[in-house]
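Quick note on numbering: the numbering used here labels position 83 of the sequence shown as 426, and the sequence is numbered without any gaps. Note that the Cβ used here is the ideal one computed from N, Cα and C, for glycine as well. Keep in mind the model is a prediction, meaning the values are calculated, not measured.
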Amino acid sequence: MMRSDIAWMIKWVLPSSLAAAWSIRVILDGSFTGLAYSVVGMGILLCALWLYLRSRRDTFGVWNEERGQLAVFRPLSIQVHSVMLFGSIPVGIDLSHNASGVLRAMYESLREERDTSLQFVLCRPLGNELTRVGFAVTKSSIRPPHGMRQLTRLSDDVFEKSEVLRSSMHASYPHVPVRRATREETTMILSGGILGR
């Protein structure tokens, strides 16, 4: 599974690197004036980061009905999810037997992309609802201040990957119908079935 590490780097590695550089500078400089400037600079940087993160809304999702995609906006990242489900699964079918064909087809499509992941999903909701089985394609990116262009690019990429996924699922499981997950199903699958009735 390939995931983007950029948001993690911004959240942890960048502040740690700045703190380490500041500590080294304070140790090597030794003057009170240099220390005062460093403290003021770090304070301004931390205030700017705090204001930036505070101005962002909490995590929220946007559903694209036409493409069957869920975009999840977090303070530092955007993720676009598309879930393909098997419409009905005959009793006794061995899903793992033909899954290698799906994975082989998707590997070629995802090999060069570090920020895209393919997941096998098996969701048994709480209650008496049907079990959902399928695959999910997720693409993530850093969230820019005005991310509509970035969201459009991610949506186009995920749509293309989901069409490759759909055709590879049809080829690997020719007698099993494949469909896009609804908004409720996608939300339920991404939350681990917690939202089931």
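- request: Would you be able to state if there are at least three C-beta pairs under 8 angstroms between the segment 372-385 and the segment 494-502?
  value: no
task: Please determine, among A364, I421, S511 and L533, the residue with the shortest C-alpha to C-alpha distance to F429.
output: S511
query: Whose CA, out of S420, A442 and L469, lies closest to the CA of L508?
result: Restricting attention to S420, A442 and L469, the CA atom closest to the CA of L508 is found in A442.
message: With H, G and I counted as helix, E and B as strand and the rest as coil, what does DSSP make of G477?
response: In this structure, G477 counts as strand in the three-state DSSP scheme.
query: Rounded to the nearest angstrom, how far is the Cβ of V405 from that of A414, given a contact under 8 angstroms?
result: 5 angstroms
query: What is the rounded straight-line gap between the Cα of L494 and the Cα of I421?
result: Going by the C-alpha atoms only, they are around 7 angstroms apart.
- request: Could you tell me the boundaries of the beta strand (DSSP E) in which R523 lies?
  value: Annotation for R523: the continuous beta strand (DSSP E) segment containing it runs V521 to R523.
message: At the level of alpha carbons, what is the spacing between C466 and T402?
response: 23 angstroms
- request: At 4 residues or longer, and completely inside the segment 418-473: list those alpha helix (DSSP H) runs for me, N to C.
  value: 438-453
- request: With V501 as the anchor, note down where its alpha helix (DSSP H) starts and where it stops.
  value: M491 to S515
field: Local Cβ density within 10 Å of Y516, reported as buried at 16 or more and exposed below that
entry: Y516 is buried by the Cβ-count criterion.
- request: Round the Cβ separation of E408 and R475 to the nearest angstrom and send it over; I've been treating them as touching at under 8 angstroms.
  value: Actually they are not in contact, since the Cβ atoms of E408 and R475 sit about 19 angstroms apart, beyond 8 angstroms.
task: Sort out for me which residues DSSP pairs G377 with in a bridge.
output: BP columns for G377 are empty, so no partner.
- prompt: For the beta strand (DSSP E) that contains V356, what are its first and last residues?
  reply: Looking at the DSSP string, V356 is not in any beta strand (DSSP E), and its letter there is neither H nor E.
query: Since G625 is in the beta strand (DSSP E), which residue starts that stretch and which ends it?
result: The structure shown does not extend to residue 625, since the chain is modelled only from 344 to 540, so the question has no answer here.
- request: Please list, in chain order, all residues of the same chain as R447 whose beta carbon is under 7 angstroms from its beta carbon, the five residues on each side excluded.
  value: none
message: If I measure Cβ to Cβ from M449 and keep anything under 7 angstroms in the same chain, skipping five residues before and after, which residues do I get?
response: L461, V507, L508 and S511
message: Please report the distance separating the alpha-carbon of P358 from that of R368.
response: For P358 and R368, the distance between alpha carbons rounds to 15 angstroms.
message: Run through the DSSP bridge pairs and tell me what A414 is partnered with.
response: V405 and V423
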